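Note sheet for the following structure.
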Amino acid sequence: MSISMRPSQAMRLWQQVMLSQVRDDAPDLTMRQTAILFTIYLDPPPHTVRGLAARLNVTKPVITRALDTMGALKLVSRHRDELDKRNVLIRRTVEGALFVERFGDGIVAKAHELPI
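Shown next, in the form of structure tokens:
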């Protein structure tokens with residue numbers, strides 16, 4: 002499905018989605034943390050620190066810091082790869098899946114409110 006938007010409409014939609022997140026009791030994630038979280042939930046697993054760093058073109062410590070925050074919020078979990086102990090696998094959680102689903106629902110709701 003393709004929709005047509007003017008840049009000003011796209012920016013208004015993004016603003017409204019961000020405002021609803023700020024006003025809600027949702028976790029306050031940075032843009033980088035949100036990008037990492039959405040990559041984990043929207044791209045097929047497995048996800049590793051190394052793989053996420055390559056995908057987002059950032060360093061492994063950047064991913065690790067973001068995962069520390071998201072892990073404390075129970076949005077993701079980390080486990081050592083049993084086949085290769087050097088790798089850390091990032092797993093989805095129920096709380097994280099609900100967060101991402103609610104975020105998507107919020108985007109759809111705000112999109113419906115946009116003037117045509």
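Heads up: the sequence shown is residues 2 to 117, going by the working numbering.
No residue lacks a Cβ here, since even glycine has one placed at the ideal position from N, Cα and C.
In this text the structure is predicted, and so the values were computed from the model without any measurement.
Just the C-alpha distance for Thr94 and Ser78, rounded to the nearest angstrom, thanks. Position 93 of the sequence shown, counting from 1, holds the residue named residue 94. Position 77 of the sequence shown, counting from 1, holds the residue named residue 78. Near 7 Å, if we compare the C-alpha coordinates of Ser78 and Thr94.
Take Gly52 as the anchor and find which of Ile108, Asn88, Pro116 and Arg24 has the nearest alpha-carbon. Your numbering for residue 52 matches position 51 in the sequence shown. Relative to Gly52, the option among Ile108, Asn88, Pro116 and Arg24 whose CA is nearest is Asn88.
Can you grab the Cα-Cα spacing for the pair Lys75 / Gly107, in whole Å? Against the sequence shown, residue 75 aligns to sequence position 74. Against the sequence shown, residue 107 aligns to sequence position 106. Cα-Cα distance, rounded: 20 Å.
Val77 - DSSP class collapsed to helix/strand/coil: Indexing the sequence shown from 1 puts residue 77 at position 76. Val77: strand per DSSP, three-state reduction.
On the DSSP bridge assignment, give the partners of Thr49 in chain order. Locating residue 49 in the sequence shown gives position 48, counting from the first residue. Beta-bridge pairing links Thr49 to Leu90.
Suppose contacts are defined by Cβ-Cβ distances below 7 Å. Is Tyr42 in contact with Val101 by that definition? Translated into positions along the sequence shown, residue 42 becomes position 41. Translated into positions along the sequence shown, residue 101 becomes position 100. It is a contact, given that the beta carbons lie within the stated cut-off.
Asp82 versus Pro62, Ala112, Pro47 and Gly72, residue with shortest Cα-Cα distance: Your numbering for residue 82 matches position 81 in the sequence shown. By alpha-carbon distance to Asp82, the top candidate from Pro62, Ala112, Pro47 and Gly72 is Pro47.
Using the C-alpha atoms, what's the distance from Ser5 back to Thr65? Counted from its first residue, the sequence shown places residue 65 at position 64. Counted from its first residue, the sequence shown places residue 5 at position 4. Computed Cα separation, rounded: 37 Å.
Answer yes or no: do Ala112 and Leu14 have a C-beta to C-beta separation smaller than 7 Å? Reading the sequence shown from its first residue, position 111 is the one you call residue 112. Reading the sequence shown from its first residue, position 13 is the one you call residue 14. Going by C-beta atoms, Ala112 is nearer than 7 Å to Leu14.
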